[in-house]
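Numbering of the sequence shown is given in my numbering, commencing with residue 165 and proceeding in unit increments.
Glycine is no exception: its CB is placed at the ideal position from the N, C-alpha and C atoms.
Here's the structure, in structure tokens; my notes come after.
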Amino acid sequence: MFIGNFVYIGNNAVLGKNAHIRDSAFIGKRVTIGVEAIVNYHAKINDGTSIGERAVIEGFAHIPASQCNSVVSPTSQY
């Protein structure tokens with residue numbers, strides 16, 4: 165697992181094996197990030213979101229509150 169500098173990870177977040185969290189990412193409470201998922205620089209993932217295996221969240225992406233409790237599917241790109 166790789167976690168970059170200045171990363172915020174909220175309470176009860178779960179990170180899968182070999183997940184990559186890049187610098188300055190914000191990950192909310194109760195977020196699940198799957199195996200080998202990549203969260204790029206300055207991405208923001210709000211509370212309650214699940215990120216699937218091998219999903220890629222692009223740099224500066226923002227998954228808003230309206231997407232909370234939704235699932236970002238494997239190989240999805242935001």
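* Should I185 and K208 be called a contact, given that it needs their Cβ atoms to be closer than 8 Å? -> No.
* To do: Have a look at V195 and F170 and give me their C-alpha separation to the nearest angstrom.
  => Straight-line Cα distance between these residues: approximately 18 Å.
* Sorted by chain position, which residues of the same chain lie with C-beta nearer than 6 Å to A201's C-beta, five sequence neighbours on each side aside? -> Take A201, set aside five residues on each side of it, and the residues of its chain with a beta-carbon closer than 6 Å to its own are A183, I215, A219, in chain order.
* Asked: Is it the case that the Cβ atoms of G168 and D187 are separated by a distance below 8 Å?
  -> Taking 8 Å as the Cβ cut-off, G168 and D187 qualify as a contacting pair.
* Asked: Measuring CA to CA, which of H206, E217, G180 is closest to G223?
  -> Closest option to G223, Cα to Cα, is H206.
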